[in-house]
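Take a look at the structure below.
2 protein chains.
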Amino acid sequence: MTAKRTKRASIKDLAREVGVSPTLVSFVLNGKQKQYRVSDQVADRIREVAKRMDYKPNGFAKSLREGTSKTIGVIVSDIANPFFANIVKKIETVAEEKGYMALFASSDENSDKLSNLLGRMLCKEVEGVIVVPCEGSEDTIRSLVDRRIPTVLLDRHIPDIRTNYVSLDNRKAGYDATEELIRKGHRKISMICYDLKLSNMKGRIEGYRDAMKDYGLSDEIKIQYVNIGALEKSGAKAIDKIIAEGCKAVVCATNSITVMCLRYIQKLKLNVPEDITVMGFDGGSEFDFYNAPISFMTQPTETIAKKSVDILISQLQENEGFITQIEIEGAITNHTPPQLLTRRLN
Amino acid sequence: MTAKRTKRASIKDLAREVGVSPTLVSFVLNGKQKQYRVSDQVADRIREVAKRMDYKPNGFAKSLREGTSKTIGVIVSDIANPFFANIVKKIETVAEEKGYMALFASSDENSDKLSNLLGRMLCKEVEGVIVVPCEGSEDTIRSLVDRRIPTVLLDRHIPDIRTNYVSLDNRKAGYDATEELIRKGHRKISMICYDLKLSNMKGRIEGYRDAMKDYGLSDEIKIQYVNIGALEKSGAKAIDKIIAEGCKAVVCATNSITVMCLRYIQKLKLNVPEDITVMGFDGGSEFDFYNAPISFMTQPTETIAKKSVDILISQLQENEGFITQIEIEGAITNHTPPQLLTRRLN
DNA sequence: AAACTTTGCTAATTCGTTTTAGCATTTAGG
DNA sequence: CCTAAATGCTAAAACGAATTAGCAAAGTTT
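Quick mapping for you: the protein sequence lines, in order, are chains A and F.
For the first sequence, position 320 matches number 320 in the working numbering, and the numbering has no gaps at all.
For the second sequence, position 336 matches number 1336 in the working numbering, and the numbering has no gaps at all.
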């Protein structure tokens, strides 16, 4: 009673069953009955037998023959991060609409793993890839581009490498976030960011710098770099320093920094926004129950996801060599704590 | 200057270049040099040319020939849900360790989409699938099992269908969650759950019922069904009713219900746990800043993910017909609000 | 009735790989 | 020295589908 899987029926099996050549079966099953003038009688019999034997064409044979897989690879830096999880979801939807399947993987911000995953995906014959590059992945990405593999970088890009990318306009996001605090009357504004060379981080920092300069606050520019591997510890130190310097407002360069920051502020029993105003980044469900008003610079994740697929697939189809680089604007969202909903906010 | 992608070198191209038969190239590149006694001289030349021409074997040809794809399909109900995002991440890791690639997709709890996705995955020649079945997907799953496609259901199962599954021990989870409240001295305990026929929901409800009965609280059993499509509205109504009935404790059957519940309680300006004690489910990052102590029944997501892959792959490799059904125990986790960390908790 | 066209079908090739069977040539054994 | 075995290689088939070229038989023109 062991459930031996029976081999799937092939075109040859159908042909033998119907009593015709495999050619005819192929013609009929690909809707070319008229084009190759197959008689209705035979065509019907073929279709009937195909249904009865539950015929499903072999994807490998098809792809091998046609030289196309209709599959794209997507490697994000952490699929368990809601920001990327949402992007991945949208990518899948858009790809499917366009008749492509998407193969997903997560590099965990590890360049070796990224390189490894890419290799495996290319073995699976993906036609192109959407990649979130991580620190140290420059060579991997470069070889991808050199090998003419259609590539779209997501969320971050590598300035030296000429290839497609879609990301937030990080400079503008950093600028706008800072400007918002300035508009609210702040002058002593710090930024907390990771000590990473990734383009998105650099852009946000640059935006902060530019905004401060534009408003004549060059002397107030203070950037605290925290360590991603020891966020709690380095974050606490950074915030202690910021406060010691008399800062009353801070721009957090990522969502995780925002969470860390607010946690520590809570621990210090300081009030937001009275003691310190926080401008966060992204803003996930972590803040569903956060009980003070803060603002976030949020990214249009769906647009970012859609654009990346659009670019990749048009590249695949047109086989042209031009490059598309898109930086999409973020927007400031205000978080309204549940308790305040009934009160009047200023 | 258009970047025409050049066709990849095949084994034949290498053979021509080296001046030997394709057979030898294949032998060498598959590490069978000794087995088929290829001379070192020729082998070295082949390897050198392969490297120079950047030879990568064609995955389709290989899979077609070998009749195996080393790929599994994974369809969750919502990849943007952190619970599933984490599972997906772990599945990918484990699958890769075992030499398999995982193809992911998200059904959005839509049985048509699920069926569609499955069809496409099977065309891509996945060897087996891990599926989170959604409402109305019984027929789709049944046909999968009937067609002898190695299948593991995740998170939920379908009682009528004999197949592998891995899920939380939902009955025990519901039981333990309820029992915990009873131990704390509560007697008037309600449950809020979705009006769904999914096995996980039914299990949790059954557990709640059993616990109440076991502790002689049959008369206090009160189950409020809320509508997943109108969670806010039906949830508010449910909670109003619970409170009117004098309930001082509630078991929320899912994370989203827990969030809704706590939000509404906040809106009513009631205090947790003084006015009402909440036992949540799963407990995501939504509660990072929640400022009252609550408990959660949490799932061992990593174990669930790992087991599902283990089962699927052993099935694939042993080709045996037995069925494995695993229900893993959950655990109660206490959420300690950040503000209370410095105070003494009772 | 010869010269065509149309109809309905098949054989054979191709995609790139793996593997079996087998063919020379050299080396070893008695 | 002559058989037997080991060495180093190749041809060919197979996996399953798509497609081109082409072959009969029937039908249509002149």
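Think of the CB as a built atom: it goes at the ideal place given N, C-alpha and C, for glycine as much as any other residue.
Bear in mind the structure is a predicted one, so any value in this text is a computation, not a measurement.
What span of residues does the beta strand (DSSP E) with residue i cover, start to end?
i	result
SER106 (chain A)	101-106
LYS1032 (chain F)	Counting along the chain, LYS1032 (chain F) falls outside any beta strand (DSSP E), and DSSP gives it neither H nor E.
LYS1222 (chain F)	1222-1226
GLY280 (chain A)	277-281
THR71 (chain A)	71-76
ASN86 (chain A)	Segment 82-97 is the alpha helix (DSSP H) holding ASN86 (chain A); no beta strand (DSSP E) there.
ILE294 (chain A)	294-298
SER1190 (chain F)	1189-1194
VAL1020 (chain F)	Unbroken run through VAL1020 (chain F): none, as it is neither H nor E.
ALA9 (chain A)	From DSSP, ALA9 (chain A) is part of no beta strand (DSSP E); its letter is neither H nor E.
Pick out whichever of the options has its Cα sitting closest to the Cα of residue i.
i	options	result
TYR1055 (chain F)	A:ALA43, A:LEU122 and A:ASN227	A:LEU122
GLY283 (chain A)	A:ILE75, A:GLY19 and A:ASN334	A:ASN334
ILE1326 (chain F)	F:SER1218, F:PRO1300, F:ILE1332 and F:ASN1086	F:PRO1300
TYR1194 (chain F)	F:ILE1205, F:GLY1185, F:LYS1188 and F:LYS1184	F:ILE1205
VAL1226 (chain F)	F:ASP1108, F:GLU1220, F:ALA1253 and F:MET1101	F:ALA1253
ILE313 (chain A)	A:THR71, A:LYS213 and A:THR140	A:THR71
VAL74 (chain A)	A:MET101, A:THR336, A:ARG209 and A:ARG16	A:MET101
LYS1089 (chain F)	F:ILE1304, F:SER1199, F:GLY1330 and F:ILE1328	F:ILE1304
GLU302 (chain A)	A:LEU154, A:PHE27 and A:LYS172	A:LEU154
ILE1130 (chain F)	F:SER1143, F:THR1068, F:LEU1103 and F:ASP1275	F:LEU1103
LYS124 (chain A)	F:THR1068, F:GLN1315, F:GLY1330 and F:ASN1116	F:THR1068
Looking at the secondary structure, which residues open and close the alpha helix (DSSP H) in which residue i lies?
i	result
THR258 (chain A)	255-267
SER1115 (chain F)	1111-1123
ILE323 (chain A)	Where ILE323 (chain A) is concerned, there is no enclosing alpha helix (DSSP H), given that its DSSP letter is neither H nor E.
GLY1203 (chain F)	1199-1214
LYS1241 (chain F)	1231-1244
LEU316 (chain A)	301-318
LEU144 (chain A)	138-146
GLY59 (chain A)	59-66
ILE46 (chain A)	40-52
Given that residue i touches chain F, what residues does it touch there, using C-beta distances under 7 Å?
i	result
VAL88 (chain A)	ILE1079
ASP288 (chain A)	VAL1259 and GLU1286
GLU92 (chain A)	ALA1105 and SER1106
ALA50 (chain A)	Within chain F, no residue comes near ALA50 (chain A); the closest Cβ sits about 15 Å away, beyond 7 Å.
LEU238 (chain A)	Looking at the sequence itself, residue 238 (chain A) is Ala, so the reference to Leu does not match. Those do not exist, as ALA238 (chain A) stays about 18 Å from chain F at its closest Cβ, beyond 7 Å.
Tell me the DSSP bridge mates of residue i?
i	result
LEU1168 (chain F)	F:ILE1328
LEU1153 (chain F)	F:VAL1131 and F:TYR1165
ASN334 (chain A)	A:SER295
VAL250 (chain A)	A:SER190 and A:VAL278
Starting from the beta carbon of residue i, find every residue of chain A whose beta carbon is closer than 7 Å, and list them in chain order.
i	result
ARG1120 (chain F)	MET101
Counting only Cβ pairs nearer than 8 Å, list the residues of chain A close to residue i.
i	result
MET1125 (chain F)	Here residue 1125 (chain F) is Glu; the residue named in the question, Met, does not match the sequence. The answer, in chain order, is ASN58, GLY59 and PHE60.
ASN1291 (chain F)	PHE289 and ASN291
LEU1064 (chain F)	ASN58, PHE60, ALA61 and LEU64
LEU1153 (chain F)	Those do not exist, as LEU1153 (chain F) stays about 16 Å from chain A at its closest Cβ, beyond 8 Å.
Report the neighbours of residue i on chain F: residues whose CB is nearer than 8 Å to its CB, in chain order.
i	result
LEU262 (chain A)	PHE1289
PRO159 (chain A)	In chain order: nothing, as chain F lies at least about 20 Å away.
What residues from chain F crowd round residue i, counting only those whose CB sits closer than 9 Å?
i	result
ALA305 (chain A)	Near ALA305 (chain A) there are no residues of chain F at all, since even the closest Cβ is about 11 Å away, more than 9 Å.
PRO22 (chain A)	The contacting residues do not exist; PRO22 (chain A) stays about 16 Å from chain F at best.
Which residues in chain A have a C-beta closer than 9 Å to the C-beta of residue i? List them in chain order.
i	result
ALA1009 (chain F)	Simply none; closest approach about 12 Å.
PRO1273 (chain F)	Ordered by position in chain A, no residue passes the 9 Å Cβ test against PRO1273 (chain F), which lies about 15 Å from the chain.
query: Given 8 Å as the limit, is there contact between the segment 1129-1139 of chain F and the segment 1292-1301 of chain F, that is, 3 or more CB pairs closer than that?
result: No, because fewer than three Cβ pairs between the segment 1129-1139 of chain F and the segment 1292-1301 of chain F fall closer than 8 Å, the two stretches do not touch.
query: Pairing CB atoms from the segment 1150-1164 of chain F with CB atoms from the segment 1300-1313 of chain F, are three or more of them under 8 Å?
result: yes
task: Could you tell me whether the segment 136-151 of chain A touches the segment 88-102 of chain A, using the rule of 3 or more Cβ pairs below 8 Å?
output: no
field: Touch test, the segment 207-226 of chain A against the segment 184-193 of chain A, Cβ-Cβ under 8 Å, three pairs minimum
entry: With the cut-off at 8 Å, the segment 207-226 of chain A and the segment 184-193 of chain A touch.
query: Do the segment 230-238 of chain A and the segment 174-184 of chain A make contact, defined as three or more Cβ pairs closer than 8 Å?
result: no
- prompt: Do the segment 110-122 of chain A and the segment 78-88 of chain A meet, that is, are 3 or more Cβ pairs less than 8 Å apart?
  reply: Three or more Cβ pairs closer than 8 Å define a contact, and the segment 110-122 of chain A falls short of that threshold against the segment 78-88 of chain A.
query: How do the segment 242-249 of chain A and the segment 266-277 of chain A stand: do at least 3 beta-carbon pairs fall below 8 Å, yes or no?
result: yes
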